[in-house]
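Below is one structure, written out as structure tokens; the observations come after it.
Numbering (this note's numbering), first residue to last: -15 to 263.
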């Protein structure tokens, strides 16, 4: 695998994933003395599969971040992309790399995953005003060529995210049910992704992940989540940041996405990418 590669499939082929022997069961956090989160928040993550909201960036930082993303989005759209196509952004843009490696986020993630952590993913999910696309109920782990299932998603609000503009929603506790059966999404679903888990409420209660800009949530890769179509007149942009314990093994060359953000990688499972020169 070329260590300079910056483009990866957003959604790997199902045959490729099926060929891997993946451990897709929940591994609870064993951190006893968290530094940024509280012990109650770590326990909440273990029981419910998520923790929210966690304040990270102040108003001035958020304003600067939003301005940067606005410019980036305009460039991507001008080159033929759309508001969902800015993926593996930390491999291309130094400013996104800096967010992925920000010590405040990394400390919170380490309170869940432990001392050895790699950041490997960064994907903007930007729902424009009146966007008719939903994100159907799904589990992140279903899409990822990673094993064991010791990975989390940080959802960073670039804009305020609430029920009106289609914030993310969770099924609390669903991460304890393992890898769930899904159906391929149909064109009429208008789904950003391509999997749909039916009847999600059988696995737990719906919790809305309302966040102010600059706040984050953290959720397990096995937690059922999704979002409605944004039919409001307000944009809803979030940056998803993906992290894993360094003992996780990545297939399909995804180890080349890795940036060591905390501790060490004794087995050498992951690449440790340098900061891109382009901001």
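We treat Cβ as the ideally placed atom computed from N, Cα and C, and that holds for glycine.
Alpha carbon to alpha carbon, how far is residue i from residue j?
i: residue 77; j: residue 84; result: 11 Å
i: residue 36; j: residue 23; result: 14 Å
i: residue 46; j: residue 140; result: 10 Å
i: residue 19; j: residue 94; result: 9 Å
i: residue 202; j: residue 96; result: 9 Å
i: residue 118; j: residue 42; result: 29 Å
i: residue 89; j: residue 247; result: 15 Å
i: residue 185; j: residue 191; result: 11 Å
i: residue -8; j: residue 242; result: 12 Å
i: residue 257; j: residue 56; result: 21 Å
i: residue 194; j: residue 28; result: 17 Å
i: residue 254; j: residue 238; result: 8 Å
i: residue 116; j: residue 33; result: 28 Å
i: residue 103; j: residue 205; result: 14 Å
i: residue 15; j: residue 160; result: 19 Å
i: residue 260; j: residue 81; result: 8 Å
i: residue 245; j: residue 86; result: 9 Å
i: residue 263; j: residue 183; result: 43 Å
i: residue 100; j: residue 67; result: 32 Å
i: residue 232; j: residue 58; result: 35 Å
i: residue 4; j: residue 234; result: 10 Å
i: residue 213; j: residue 21; result: 31 Å
i: residue -2; j: residue 196; result: 35 Å
Starting from the C-beta of residue i, find all residues in its chain whose C-beta is less than 6 Å away, skip the five residues before and the five after it, and write them out in chain order.
i: residue 12; result: 30
i: residue 52; result: 79
i: residue 6; result: 131
i: residue 225; result: 84, 106, 138
i: residue 249; result: 230
i: residue 50; result: 142
Would a C-beta distance cut-off of 8 Å place residue i and residue j closer than the cut-off?
i: residue 143; j: residue 219; result: yes
i: residue 187; j: residue 179; result: no
i: residue 211; j: residue 151; result: yes
i: residue 70; j: residue 108; result: yes
i: residue 61; j: residue 199; result: no
i: residue 154; j: residue 223; result: no
i: residue 26; j: residue 121; result: no
i: residue 189; j: residue 156; result: yes
i: residue 8; j: residue 158; result: no
Once the 5 residues before and after residue i are set aside, which same chain residues still bring their CB inside 7 Å of it?
i: residue 265; result: Because the chain is modelled from -15 through 263, residue 265 falls outside the range shown and cannot be assessed.
i: residue -10; result: 72, 75, 76
i: residue 216; result: 113, 148, 149
i: residue 126; result: 163, 166, 179
i: residue 136; result: 93, 96, 97, 202, 203, 204, 205, 227
i: residue 221; result: 53, 108, 110, 142, 143
Per DSSP, residue i forms a beta bridge with which residues?
i: residue 139; result: 201, 224
i: residue 259; result: None; residue 259 has no bridge partner.
i: residue 39; result: 199
i: residue 130; result: 234
i: residue 85; result: Paired residues: none, contrary to the question.
i: residue 154; result: 191, 209
i: residue 243; result: 103
i: residue 145; result: 195
i: residue 111; result: 220
Shorter than 7 Å, the distance from the beta carbon of residue i to the closest heavy atom of the ligand MN, or not?
i: residue 194; result: Ligands are entirely absent from the displayed structure, and the ligand MN is therefore not among its contents.
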